[in-house]
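K.L.:
Quick one: structure below, then a few questions.
Residue numbers (my numbering), protein chains in the order written: chain P, -16 to 206; chain E, -5 to 502.
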């Protein structure tokens, strides 16, 4: 018996393409690479079972992050998109906020753009360790709150936070400037060896500052 | 007055695979909007059409507007449930109902316009090129330029467009995630627009849904809402729209969308998701016969029953097939379902139905829906400490709202069930549905009362207690009492459903 539909066997409906299709395809490609390398980083670090922020673990994780994003082509929009992916977390199996902060810091430090703006207002995400080792010539502007260890080891860059930051803000920073429009937590500027931290709100506690300056509402509070 | 050519509407319908929409109209005066969609009726503003036809062919403008409006029904949002889902996500980002509505409107417009341009070869780009634009429209047109690859005579807003153009608008599965990002990016502009009270040039979408669609949407929302509070917050956001479509007027009756009304609506819609079916009805022979099965034909059997199709045209005993006939059966309803008295405990040990999902209220609501479905009447006896006035009695009625209002009442405090109150309902041939945690202070009196009555009783008690054990023991020999013991409150709706079904079967 003849199959009446055999004539349609090779029929393929015409697919109209618009530029959006290409934009989405290339964006998805970059995003997949970012997520893949992030997952790799998490897998490496998850061996520790409990990932604690310590001097060595941060250095090690940052080095791994730097290595995994080497030769990667991405832009600020991709980093923003990555933060949305972390927030949704359905595509990321282990949303460890410390690691995502380090990974985002590495992405920011190696991005082509000099100025990076994140809008984290009304978002279900708390980023720790953002601004880690931000180099000279880079400016990070964040709308919303950041978590602990913001701007640690700052290396000449500039961080503006239009919100609050957590404990250990600016710890171990070398050079550069941080401006926090609202309040900061305890141990602010712990072990910092240079640079300036301007807090327009309240500082919950100052750390042991070696060199550098911390200002609260315009007045110097570091001795 | 201008009219839309039949051929244009036919073309649009064909493009969109013949959606069931009425013939669109051209009307005057639609408050600045080019398009109005009310309960599936698409209306194009005549003044807008005259203005735009100076810049582009009128037929193209009509086609573009109809494409846009039709795609709202065929693609996004499709129905009220989807619209609510999108709105809820947008509201999470901006925490403001008007801003969330605006953002949802803009998002849906971007989705349908892009869909039409990609899938339906629409004249929409030409419409946007010649239309007057506000600030957000400028940004959206700049976005269209990038994602459609068409020149729409706009420039600027590169930073925003760079972010907006990365969103997969046509991917249905990702809409809830995409609208969040869309709202997040557009938020500064939306805040500005809220101050100016500027409106969407293609009109808003608040009245486009039919009552049936709203009904279905609310049922889905009730199922997915985290709590009655979350449901009532969302319903409250759409109070005006629901009133406008006449939904609140018809469905709720009194109170015009007050929080308690939204709470009641929550339990109604949730219970309607669990509507109980009655199983089979008794069968009776109809007396007429009809072909039922085949058997081989034998030489002495009449040939008029031969089925020539299964006999392959052969007339041979053993090979040829004949029809066996069987007497038909019809269904009929013999008895009616009796009325039901729902006795619900709203003492302090029970969950407050306004704050959290009360499985007691939901269970009672499911039973109520089952009885109402068969035309029976419901009476409610809501009690806490009845001795000191913590009680509410609703006489037998079919008024769903009154019943739900009585079920959702919450007194708190102690638990005292007055059997004399229940006796007030007697004289009716009624079933009794009791739902409580059995921590009743006059427990012995209650047990004695239930031991004496002959009505069929379904008693549901929550959690383990000595009282529930004692109640189970004392009524164990009573065949008219079906008792349910539940470990977890979450089990109540399922068990109530099953039991009531079984219960209703017994009468046939």
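Using N, Cα and C, we set each Cβ at its ideal position, and we do this for glycine too.
For the candidate residues 153/E, 168/E and 134/E, whose alpha-carbon lies nearest to that of residue 145/E?
P.N.:
The candidate whose alpha carbon is nearest that of residue 145/E is 134/E.
K.L.:
Given residue 97/P, which residues of its chain have a CB within under 7 Å of its CB, disregarding the five upstream and five downstream residues?
P.N.:
Hits under 7 Å: 120, 121 and 122.
K.L.:
Just to confirm the assignment, what range does the alpha helix (DSSP H) spanning residue 386/E have?
P.N.:
Where residue 386/E is concerned, there is no enclosing alpha helix (DSSP H), although the beta strand (DSSP E) it sits in stretches over 385 to 391.
K.L.:
Please report the distance separating the alpha-carbon of residue 257/E from that of residue 225/E.
P.N.:
Cα-Cα distance, rounded: 8 Å.
K.L.:
Return the first residue and the last residue of the alpha helix (DSSP H) that residue 77/E is part of.
P.N.:
74 to 88 is the span of the alpha helix (DSSP H), which, as asked, contains residue 77/E.
K.L.:
Are there three or more Cβ pairs, one per stretch, closer than 8 Å when the region 336 to 346 of chain E is compared with the region 431 to 440 of chain E?
P.N.:
A contact exists between the region 336 to 346 of chain E and the region 431 to 440 of chain E.
K.L.:
Report the three-state DSSP secondary structure of residue 253/E (helix, strand or coil).
P.N.:
Confidence is the limiting factor: at residue 253/E the pLDDT is only 44, short of 50, which leaves the residue's position unreliable, though a coordinate-based value still follows. Looking at residue 253/E - three-state DSSP - the assignment turns out to be helix.
K.L.:
Near residue 522/E, what residues of its chain come up, given a Cβ to Cβ distance below 8 Å and the 5 sequence neighbours on each side ignored?
P.N.:
Here chain E comprises residues numbered -5 to 502, so residue 522/E is not present and cannot be evaluated.
K.L.:
When you compare the CB positions of residue 146/P and residue 106/P, do they come within less than 9 Å of one another, or not?
P.N.:
Taking 9 Å as the Cβ cut-off, residue 146/P and residue 106/P do not qualify as a contacting pair.
K.L.:
Whole angstroms are fine: how far does the CA of residue 155/P sit from the CA of residue 139/P?
P.N.:
Each residue's alpha carbon lies about 12 Å from the other.
K.L.:
Taking Cβ-Cβ distances shorter than 7 Å, what residues in chain P pair up with residue 112/E?
P.N.:
Within chain P, the residues near residue 112/E are -1 and 1.
K.L.:
Can you list, in chain order, the residues of its chain with a C-beta nearer than 6 Å to that of residue 377/E? Leave out the 5 residues immediately preceding and following it.
P.N.:
Closer than 6 Å at Cβ, skipping near neighbours: 385 and 411.
K.L.:
How big is the Cα-Cα spacing for residue 144/P and residue 105/E?
P.N.:
Residue 144/P and residue 105/E: Cα-Cα distance of roughly 34 Å.
K.L.:
Note down, in chain order, all residues in the region 60 to 72 of chain P with a beta-carbon under 8 Å from any beta-carbon belonging to chain E.
P.N.:
Of all residues in the region 60 to 72 of chain P, 60, 63, 64, 67 and 71 have a Cβ within less than 8 Å of some Cβ in chain E.
K.L.:
Only counting the same chain, and skipping five residues up and downstream in sequence, which positions put a Cβ closer than 8 Å to that of residue 118/P?
P.N.:
Closer than 8 Å at Cβ, skipping near neighbours: 92, 138, 139 and 140.
K.L.:
Is the shortest distance between the beta-carbon of residue 147/E and the beta-carbons of chain C less than 9 Å?
P.N.:
The structure shown contains no chain C; the protein chains it does contain are P and E.
K.L.:
Under a CB-based cut-off of 9 Å, is residue 88/E close to chain P?
P.N.:
By this cut-off, residue 88/E is an interface position.
K.L.:
Output needed in chain order: residues of the region 168 to 180 of chain E with a Cβ under 9 Å from some Cβ in chain P.
P.N.:
So the list reads 171, 174, 175, 178 and 179, given in the order they occur along the chain.
K.L.:
Thinking C-alpha only, which one of 468/E, 456/E, 227/E and 369/E is nearest residue 348/E?
P.N.:
Nearest C-alpha to residue 348/E: 227/E.
K.L.:
Under the rule that 16 or more other beta-carbon atoms within 10 Å means buried, what is residue 175/E, buried or exposed?
P.N.:
Burial call: buried.
K.L.:
Look up residue 167/P in the DSSP assignment and give the residues it is bridged to.
P.N.:
Looking at the DSSP assignment, residue 167/P forms a beta bridge with 186/P.
K.L.:
Verify whether the separation of the beta carbon atoms of residue 13/P and residue 71/P is less than 9 Å.
P.N.:
It is not a contact, given that the beta carbons lie outside the stated cut-off.
K.L.:
Could you check whether the Cβ of residue 54/P sits closer than 9 Å to any Cβ belonging to chain E?
P.N.:
No, residue 54/P does not count as interfacial toward chain E.
K.L.:
Whole beta strand (DSSP E) runs in the region 402 to 475 of chain E with 3 or more residues, listed along the chain?
P.N.:
Fully enclosed beta strand (DSSP E) runs of 3 or longer: 424 to 430 and 451 to 456.
K.L.:
Mind checking if residue 408/E is an interface residue toward chain P, Cβ cutoff 9 Å exclusive?
P.N.:
For residue 408/E, the answer is no, since every Cβ of chain P falls outside 9 Å of its Cβ.
K.L.:
Mind checking which residues open and close the alpha helix (DSSP H) that includes residue 228/E?
P.N.:
From DSSP, the alpha helix (DSSP H) with residue 228/E extends over 222 to 231.
K.L.:
Answer yes or no: does any C-beta atom of chain E fall closer than 9 Å to that of residue 97/P?
P.N.:
No - not a single Cβ of chain E is within 9 Å of the one on residue 97/P.
K.L.:
When we look at the beta-carbon of residue 303/E and count the other beta-carbons within 10 Å, is it buried (16 or more) or exposed?
P.N.:
With fewer than 16 Cβ atoms within 10 Å of its Cβ, residue 303/E is classed as exposed.
K.L.:
Would residue 143/E pass as an interface residue toward chain P - the criterion being a Cβ-Cβ separation below 9 Å?
P.N.:
Cβ-Cβ to chain P under 9 Å: yes for residue 143/E.
K.L.:
Does chain E have any CB closer than 9 Å to the CB of residue 7/P?
P.N.:
Yes, contact with chain E.
K.L.:
Does the Cβ of residue 190/P have 16 or more other Cβ atoms within 10 Å, making it buried, or fewer, making it exposed?
P.N.:
So residue 190/P counts as buried.
K.L.:
At a Cβ threshold of 9 Å, is residue 10/P touching chain E?
P.N.:
With 9 Å as the cut-off, residue 10/P counts as an interface residue toward chain E.
K.L.:
What separation, rounded to the nearest whole angstrom, lies between the Cα atoms of residue 413/E and residue 88/E?
P.N.:
The alpha-carbon atoms of residue 413/E and residue 88/E are separated by roughly 53 Å.
K.L.:
Which residues bound the beta strand (DSSP E) around residue 506/E?
P.N.:
Absent from the model: residue 506/E. The displayed extent of chain E is -5 to 502, so no value can be given.
K.L.:
Quick one, which residues of the region 155 to 167 of chain E are near chain P if we go by CB-CB under 9 Å, in chain order?
P.N.:
If the cut-off is 9 Å between Cβ atoms, the region 155 to 167 of chain E has 156, 157, 159, 160, 161, 162, 163, 164 and 165 near chain P.
K.L.:
I think residue 429/E touches residue 380/E, with their Cβ atoms under 8 Å apart; what is that distance to the nearest whole Å?
P.N.:
At roughly 15 Å, the Cβ-Cβ gap does not stay under 8 Å, so residue 429/E and residue 380/E are not in contact.
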